[in-house]
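Shown next, in structure tokens, is the structure this report addresses.
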Amino acid sequence: MAHLVAVCPVWARVAPDLGALPLRRRPDGFEAIAHAIVGQQISVAAADAIWARMGAAGLLTADGIATADEDALRAAGLSRPKARYLRGIAAAGLDWDGLRALPDDQAIAALVALPGIGVWTAEIYLKFALGRADAFAAGDLALQEAARAMYGLDARPGPAALRAMAEPWRPWRAVAARGLWAYYRLAKGREGVS
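Numbering (this note's numbering), first residue to last: 198 to 391.
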């Protein structure tokens, strides 16, 4: 946060209101990517409810997903595409340990090669599961909306514009994301990420 405050007067103005930013790390591997898949394009509350049902049904591991029938996946709240993505990822046999050693761009490329994983999901995984300090999911709508409000913009910046805004925040863009989500929570009264 000290870096953000030093490079940007807007961060200097809002940082005191944000309080301590939670790290929110989770163990890496299949469960972390499954959590990111579940959270794609739905609210935090809906994702949390589905995740709880998946946990209760034993569907948080690659083996659990691979051996579950379609009805069990649907009963947990997974859409057909998300169930298909999770089955494909479970079957892909990705070297999760090896992924840790890759530079950010190579780790993102390895993840995007899996079914159902786009850049947003890969960047969320790098941030929350691998703890990469510069991971930044510019396609995240809550980050875009927080940047719009925080910087007093007329319109929400798209992914390319938000990436450009975030360039001076390197190498701490993951901290900036936590700050933007905290600002979103303050401005909107709800979480932007689970």
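The beta carbon of each residue, even a glycine, is placed where N, CA and C say it ideally should be.
Between residue i and the rest of its own chain, which residues show a CB-CB distance below 8 Å, the 5 nearest in sequence each way excluded?
i: residue 293; result: 225, 226 and 227
i: residue 376; result: 198, 201, 208, 211, 212, 215 and 218
i: residue 272; result: 250 and 254
To which residues of the same chain is residue i closer than 6 Å at the C-beta, ignoring the five residues directly before and after it?
i: residue 316; result: none
i: residue 233; result: 318, 321 and 322
Buried or exposed: which applies to residue i, given that a residue is buried once 16 or more other Cβ atoms fall within 10 Å of its Cβ?
i: residue 348; result: exposed
i: residue 267; result: exposed
i: residue 318; result: buried
i: residue 355; result: exposed
i: residue 279; result: buried
i: residue 261; result: buried
i: residue 372; result: buried
i: residue 277; result: exposed
i: residue 203; result: exposed
Can you grab the Cα-Cα spacing for the pair residue i / residue j, in whole Å?
i: residue 306; j: residue 338; result: 22 Å
i: residue 253; j: residue 370; result: 35 Å
i: residue 362; j: residue 243; result: 30 Å
i: residue 270; j: residue 258; result: 13 Å
i: residue 198; j: residue 365; result: 13 Å
i: residue 300; j: residue 236; result: 24 Å
i: residue 290; j: residue 350; result: 44 Å
i: residue 239; j: residue 298; result: 31 Å
i: residue 230; j: residue 223; result: 10 Å
i: residue 308; j: residue 256; result: 20 Å
i: residue 386; j: residue 295; result: 39 Å
i: residue 374; j: residue 336; result: 11 Å
i: residue 382; j: residue 310; result: 32 Å
i: residue 248; j: residue 368; result: 32 Å
i: residue 325; j: residue 245; result: 16 Å
i: residue 206; j: residue 360; result: 18 Å
So residue i packs on residue j, CB below 8 Å; how close in whole Å?
i: residue 250; j: residue 274; result: 5 Å
i: residue 340; j: residue 334; result: 7 Å
i: residue 215; j: residue 380; result: 6 Å
i: residue 327; j: residue 304; result: 7 Å
i: residue 358; j: residue 384; result: Their Cβ separation, rounded to whole angstroms, is 19 Å, which puts residue 358 and residue 384 out of contact at 8 Å.
Counting only the same chain and skipping the five closest in sequence on each side, list residues whose C-beta sits under 7 Å from that of residue i.
i: residue 288; result: 263
i: residue 282; result: 234, 312 and 313
i: residue 329; result: 301, 323 and 371
i: residue 265; result: 256
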